[in-house]
Structures are given as C-alpha cells and as structure tokens.
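Undergrad: Read in the UniProt record's numbering, the sequence shown has 42 at position 42, and its numbers run on one by one without any break. Cβ atoms here follow ideal geometry from the backbone N, Cα and C, with glycine treated the same way.
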Amino acid sequence: MPNAQEPSPAARTAVPAWMTPGTLLKVSVGVAILTIVLKTLAWWVTGSVGMLSDALESFVNLAGAVFALAMVTIARRPADEDHPYGHHKAEFFSSGFEGILIIGASIAILWASVSRLLNPQELEQVGWGSVLLVLSSACNGVLAWYMLRAARVHHSKALEGDARHLLTDVWTSAGVLVGLAGAAWTGWHWLDPVVAILVALNILREGGSMLWESSQGLMDEALPSEQLQRVQAVLDERSVASEGAVRFDSLISRRAGGRNFVDVHMHVPAEWTLGRAAQLRTEVEAALMQAVPHLRAAIEILPLGQATVFETVESRNAQGLGSEQGREPSDSEGK
1 MPNAQEPSPA ARTAVPAWMT PGTLLKVSVG VAILTIVLKT LAWWVTGSVG MLSDALESFV
61 NLAGAVFALA MVTIARRPAD EDHPYGHHKA EFFSSGFEGI LIIGASIAIL WASVSRLLNP
121 QELEQVGWGS VLLVLSSACN GVLAWYMLRA ARVHHSKALE GDARHLLTDV WTSAGVLVGL
181 AGAAWTGWHW LDPVVAILVA LNILREGGSM LWESSQGLMD EALPSEQLQR VQAVLDERSV
241 ASEGAVRFDS LISRRAGGRN FVDVHMHVPA EWTLGRAAQL RTEVEAALMQ AVPHLRAAIE
301 ILPLGQATVF ETVESRNAQG LGSEQGREPS DSEGK
C-alpha cells in the first residue's frame with residue numbers, strides 16, 4: 001500500500017535529495033543574516049528610507065525563518081499518545097506567523113516612508129548602495145525559487161510561507177532600487193519614500209493573504225475541488241465496477257499541514273462476508289492514496305440500506321422523537 005506520508009518517487013526526483021524543508025530553512029536563516037548585513041550597510045552609505053525599510057524586513061525574514069524551522073521540526077514528529085493524528089498542523093502556525101510578521105514589517109515601512117516624505121533628504125552614494133541591494137536580492141531570489149520547488153514536492157506550508165516571504169523581500173528591494181534610480185536621475189527626493197509606500201502596500205496584501213490561508217488550514221478546510229473530483233472518480237469507478245452492488249456516500253475531507261484526510265461510508269450487500277468487504281475497502285483506500293498524494297482514507301463499512309447511528313439519531317430528532325429516549329414517565333403517564 002502506498003505510504004501517505006512520503007513524497008512519491010516521481011516527486012522526489014523533482015528536487016535534489018538534500019533539499020528537505022529543514023535543510024532549506026537552515027539555509028534561509030543563514031541567508032537572512034547575510035542580507036541583514038548587506039542591507040544595513042546599504043542604508044548606512046545612502047541614507048535611503050527605502051534601504052532602511054528593506055533592512056527592517058530582513059530582520060523579519062530572520063525571525064520568520066527561525067520560527068518556520070521550529071514548526072517544521074515539530075510537524076515532522078510522528079503521532080503519539082497525546083497527538084494520535086500527528087503534528088502536521090504546526091506548519092500552519094508558521095505560515096500565519098510569517099503573515100503577521102509581513103504585515104508588521106509593511107506597517108513599519110509605511111511609517112518610516114511617510115516620515116521621510118514629509119521631511120525629504122538628499123541621498124548619498126547611491127551606486128554602492130544599489131550594488132549591495134542587488135547582491136542581497138539575488139541571494140533571496142535564488143533561495144526562494146528552490147524553496148518553492150521543494151515546498152510543492154514536500155507539501156510543506158511552512159516552507160512555502162517562508163519562500164513567499166522572501167519573494168516579498170525581493171519585490172521590496174526592486175521597488176527601492178526604482179525609487180533610488182528615479183531620485184538620483186531626476187533629483188526628486190520624494191520618489192524614494194513614495195516607491196517605498198507602494199511596495200509596503202503590496203507586501204501588506206501578501207501578508208494578509210498568507211494569514212487568511214493559514215487560518216483556513218487551522219480550521220480543517222476541505223480538500224481543493226480538483227482533488228475531491230479525483231476522490232469521487234475513484235469511488236464512482238468502484239461503484240460502477242460492482243454494477244451497483246456497492247455504494248459510497250457521506251464523503252467529507254480536510255487538510256492538516258502536508259496531510260490530507262477523507263472519510264466515507266461504503267455500503268455493501270448484507271450477504272457479503274466481512275473478509276470480502278474488508279478486501280474491497282483495502283483496494284479502495286489504496287486507489288484513493290494513489291489518486292491524491294499524502295492522503296489518509298477512513299472508510300466505514302455498512303450493509304446496504306442500513307443507516308448510520310448518526311443518521312438514525314438525526315432522523316429521530318427531526319421527527320421529534322429524540323427527547324423521548326430515557327425520559328421518566330410523568331405521574332399521569334405511568335402512575
């Protein structure tokens with residue numbers, strides 16, 4: 001039976017073996033420290049508020065990478081007695097934390113940019129500052145590209161969040177460079193803070209998007225429609241193959257970090273032996289995990305025509321009979 005926790009063999013070949021989430025996040029911590037040094041130096045030689053905002057975001061990158069590394073380490077722990085379904089949701093905390101950090105950085109950039117817009121200053125040594133900024137952006141851009149590739153293979157929300165954070169840093173640096181070039185070329189010193197404001201608004205939007213996606217994962221969001229269609233196709237195929245003798249219903253799904261979960265009822269003829277029904281369930285589970293990576297399927301076997309306990313209780317409640325069970329007779333009824 002396929003292992004639902006590991007990437008498929010085809011997926012593993014998409015990235016080098018060393019590109020695990022933990023390794024890449026350790027590299028991200030090192031790159032964040034390097035870019036802090038480069039951007040702080042660039043701000044010091046130019047006096048650009050855009051450079052300052054970019055340096056501030058690099059501190060946020062460092063905090064985000066450290067937190068993401070911690071969450072990935074927790075998420076990779078096996079299930080235990082206290083967490084029988086595993087620790088996969090820890091990655092959504094990382095993504096949400098990165099979103100909050102991005103929002104905080106954008107607010108700080110907006111504050112500094114508005115202050116500089118009201119009190120413009122002449123820029124110095126723009127050339128050296130630009131070289132340092134391009135170098136740091138190249139480091140972030142290359143790392144983000146590799147991290148996004150690995151995130152798709154390993155289905156790591158924490159890795160994806162850190163990669164998207166690095167990409168917002170690249171966009172910030174690009175905007176700062178445009179502002180610096182425009183201010184140096186035209187002499188309009190207000191261009192530097194105006195471009196910084198525009199970049200801050202863009203990364204504010206990105207931070208909000210990451211925070212929203214993280215909240216959906218923590219609230220057991222259903223699988224994407226494309227994956228649900230694949231699940232339904234497998235179930236329909238098995239039902240057709242049995243010429244209607246087997247029926248599936250009550251399909252529900254959820255996501256937790258890099259894992260996907262589905263629950264479904266499988267109705268089989270009452271005369272079937274338990275062994276025959278269990279064999280079919282095993283085949284269906286294997287087919288589902290083949291169709292959807294990192295899937296864990298839970299299939300409940302029921303005789304055709306028999307309702308579940310939940311459905312029975314719901315039916316009784318709808319008919320107003322649920323409150324009758326266990327009620328003591330009144331004096332007028334039983335005495």
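1) I'd like to know whether the C-beta atoms of residue 268 and residue 238 end up nearer to each other than 8 Å.
2) Which partner residues of residue 260 appear in the DSSP bridge assignment?
3) When you compare the CB positions of residue 262 and residue 291, do they come within less than 8 Å of one another, or not?
4) Rounded to whole angstroms, what's the CA-CA distance from residue 178 to residue 231? Just pull it up for me.
5) Let me know the secondary structure DSSP gives residue 204 once reduced to three states.
6) Rounded to a whole number of angstroms, what is the C-alpha to C-alpha distance between residue 23 and residue 98?
7) Secondary structure at residue 21, three-state DSSP: helix, strand or coil?
8) Does DSSP put residue 51 in a helix, in a strand, or in coil?
9) Short of 6 Å in beta carbon distance, which residues of its chain neighbour residue 209, apart from the five on each side in sequence? Order them along the chain.
10) Taking buried to mean at least 16 other C-beta atoms within 10 Å of its own C-beta, is residue 186 buried or exposed?
11) Beta-carbon within less than 7 Å of residue 218's beta-carbon, same chain only, minus the 5 sequence neighbours each way: which residues are those?
12) Report buried or exposed for residue 119, applying the criterion of at least 16 other Cβ atoms within 10 angstroms of its Cβ.
13) Opposite residue 303 in the DSSP bridges: which residues?
14) For my contact list, residue 264 and residue 250 are in at a C-beta cut-off of 8 Å; report their separation, rounded to the angstrom.
15) Grouping DSSP H, G and I as helix and E and B as strand, with all else coil, what is residue 250?
16) If you drop the 5 nearest sequence neighbours on each side, which residues of the same chain put their C-beta closer than 8 Å to that of residue 194?
17) Starting from the Cα of residue 25, find the closest Cα among 147, 74, 17 and 105 and give me that residue.
TA: Here's the rundown:
1) no
2) 255 and 295
3) no
4) 48 Å
5) helix
6) 18 Å
7) helix
8) helix
9) none
10) exposed
11) 89 and 92
12) exposed
13) 268
14) 6 Å
15) strand
16) 113, 117 and 179
17) 147
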